[in-house]
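Here's the structure we're looking at; comments come further down.
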Amino acid sequence: MQWANALSTRPSLEAAVADVVQRAVSSLTAPADLGLVFISSAFTSEYSRLLPLLAEKLSVRVLIGCSGGGVIGTTMEGQTQELEASPALSLTLAHLPGVNIQPFHIVAEELPDLDGPPNAWVDFVGVPSSPTPQFILLSGSFSSGINDLLQGLDFAYPGSVTVGGQASGGGGGRIALFCNDRLYREGTVGLAMSGNIVLETIVAQGCRPIGKPLQVTKADRNIIIELDEQVPLVVLRDLIGSLSDADRMLAQNSLFVGVAMDEFKLALQQGDFLIRGILGVDPSAGAIAIGDRVRPGQRLQFHLRDAEASAEDLELLLQQYQDQSASEPSAVAALMFSCLGRGEGLYGKANFDSQLFRRYLNDIPIGGFFCGGEIGPVAGSTFLHGYTSVFGICRGLGTED
221 MQWANALSTR PSLEAAVADV VQRAVSSLTA PADLGLVFIS SAFTSEYSRL LPLLAEKLSV
281 RVLIGCSGGG VIGTTMEGQT QELEASPALS LTLAHLPGVN IQPFHIVAEE LPDLDGPPNA
341 WVDFVGVPSS PTPQFILLSG SFSSGINDLL QGLDFAYPGS VTVGGQASGG GGGRIALFCN
401 DRLYREGTVG LAMSGNIVLE TIVAQGCRPI GKPLQVTKAD RNIIIELDEQ VPLVVLRDLI
461 GSLSDADRML AQNSLFVGVA MDEFKLALQQ GDFLIRGILG VDPSAGAIAI GDRVRPGQRL
521 QFHLRDAEAS AEDLELLLQQ YQDQSASEPS AVAALMFSCL GRGEGLYGKA NFDSQLFRRY
581 LNDIPIGGFF CGGEIGPVAG STFLHGYTSV FGICRGLGTE D
């Protein structure tokens with residue numbers, strides 16, 4: 221198995237394509253089976269030219285990609301760069317012996333019923349459930365049925381891993397999704413990889429818990445009506461009153477809710493929560509609305525997000541990954557799907573997440589983009605996230621070269 225990534229900042233699309241193809245192809249000693257391409261929104265008016273230009277110079281069996289408000293890739297010097305507001309093109313190529321790769325394009329209107337049997341989803345996606353596939357998804361806007369798709373894939377392909385992100389664009393909001401020789405403006409493009417490949421994930425949601433875990437004792441859809449049999453807004457006001465001055469300031473605009481994903485785990489830690497936004501409060505009833513359904517019996521904990529919490533969260537997850545994977549075959553590549561709200565705007569400097577990642581997994585090619593929403597698993601179920609960096613780390617099973 222071989223992977224390579226090349227990043228170009230040439231302002232001419234022809235020059236950028238020639239640049240990334242030449243460098244990525246020359247880094248492989250065998251033909252590429254898979255290509256992943258990410259193009260920055262600085263090229264919005266030229267999205268339709270990308271695939272024909274690539275086809276002139278590159279022969280690859282499966283190619284998917286999308287537009288991004290920024291792109292991530294590996295420079296000629298082997299450094300990872302996150303380019304957020306300038307013309308950039310990132311191309312990842314992979315030679316994958318013993319791996320079956322199946323691309324697809326899906327639109328929301330055609331999704332099977334979530335109450336139907338799993339084989340309806342298997343037939344729809346066109347990918348067998350055994351051997352267990354690993355999915356990469358690149359989707360359009362929030363209207364593309366992505367939450368139903370993630371639920372359906374989890375249901376039909378137990379044990380599979382899914383990563384990816386929502387394509388993002390420039391000010392006009394125009395996006396592009398690429399699948400082989402086709403350009404799409406909506407839906408989801410993706411691929412399933414099965415065989416001699418493992419996809420492992422780091423999902424850094426960038427928050428730290430405050431206060432203590434609380435139990436939802438009354439709820440309606442996404443509205444929390446009671447927490448520990450008390451009025452939620454009263455509980456929250458008491459919590460904020462107990463914080464330091466700095467955290468109290470932070471809570472004014474960076475307060476989130478973490479929903480515990482394991483109902484039976486007693487000692488909840490960072491990483492055990494699915495982070496969701498607070499959509500609003502009802503001052504008269506004291507209820508709190510969050511960005512997901514919630515049900516009585518669930519535990520949740522309030523969280524804060526800032527650059528420091530975000531850095532600590534990612535570092536903790538990287539340390540855990542390093543400890544757990546020490547005896548496994550080495551990682552050969554990574555894909556990075558990072559929120560537009562992270563990067564320089566969050567940290568005050570460029571390349572923060574990718575450089576921290578490289579401290580733990582160096583010398584592997586990284587490619588990716590800045591997303592309008594990130595796709596990755598928490599506690600075994602796949603979700604659409606915000607403000608998150610999702611890393612998909614690829615390695616072989618160790619049974620073949």
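The opening position of the sequence shown corresponds to residue 221 in the numbering used here, with each subsequent residue numbered one higher. Think of the CB as a built atom: it goes at the ideal place given N, C-alpha and C, for glycine as much as any other residue.
DSSP places R281 outside any alpha helix (DSSP H), giving it a letter other than H or E. Assignment of G372 by DSSP, reduced to helix, strand and coil, places it in the helix class.
Annotated three-state conformation of R578 is helix, per DSSP. By the neighbour-count criterion, in which a residue is buried when 16 or more other Cβ atoms sit within 10 angstroms of its Cβ, T249 is exposed. Using a Cβ distance threshold of 8 Å, R230 and A236 count as a contacting pair.
In the three-state reduction of the DSSP assignment, V245 falls in the helix class, which pools H, G and I.
Taking 8 Å as the cut-off, the beta carbon of G588 is found closer than this to the beta carbon of S558. In the DSSP assignment, the residues bridged to E302 are I292. Distance from the CA atom of C591 to the CA atom of L486, rounded to whole angstroms, is 34 Å. Here A529 has G426, C427, R428 as same chain residues with Cβ atoms under 7 Å from its own Cβ, once five neighbours each way along the sequence are excluded. Nearest Cα to E330 within the set G407, F263, T312: G407. Taking Y404 as the centre and dropping the five residues before and after it, the same chain places the C-beta of H325, L397 closer than 7 Å to its C-beta, in chain order. For the pair D440 and W341, the Cα-to-Cα distance works out to about 29 Å. In the DSSP assignment, L488 falls outside any beta strand (DSSP E), carrying neither H nor E. Residue pairing of G587 in beta bridges, as defined by DSSP: L555. Taking the C-beta atoms as reference points, L604 is found nearer than 8 Å to L370. If you compare the alpha carbons of L311, L227, N339 with that of M296, the shortest gap goes to L227.
Only exposed fits R402, as fewer than 16 other CB atoms lie within 10 angstroms of its CB. Contact check between the stretch 256-276 and the stretch 371-383: fewer than three CB pairs, one atom from each, fall below 8 Å, which does not count as touching.
Assigned with DSSP and collapsed to three states, T264 falls in helix. With respect to L270, L313 sits apart: the two C-beta atoms are not nearer than 8 Å.
Taking the C-beta atoms as reference points, T294 is found nearer than 8 Å to P585. In the three-state scheme derived from DSSP, where H, G and I count as helix and E and B as strand, I422 is classed as strand. The beta carbon of Y580 lies closer than 8 Å to those of L538, Q539, Y541, Q542 in the same chain, with the five residues before and after it left out. Q301 and F577 have their C-alpha atoms spaced approximately 12 Å apart. Taking C-beta atoms under 8 Å as the contact rule, E304 and G563 qualify, at a distance of about 5 Å. Residue environment analysis places Q450 among the exposed positions, since fewer than 16 neighbouring C-beta atoms fall within 10 angstroms of its C-beta.
If you draw a straight line from the Cα of F611 to the Cα of D448, it comes to about 35 Å. Residue state for N320 is assigned as strand, using DSSP reduced to three classes. In this structure R281 is exposed. Its beta-carbon is surrounded by fewer than 16 other beta-carbon atoms within 10 angstroms. Taking a cut-off of 8 Å for Cβ pairs, the stretch 511-526 and the stretch 459-478 touch, as three or more such pairs fall below it. Secondary structure at M413: strand, using DSSP grouped into helix, strand and coil. Beta-bridge partners of W223 (DSSP): A314.
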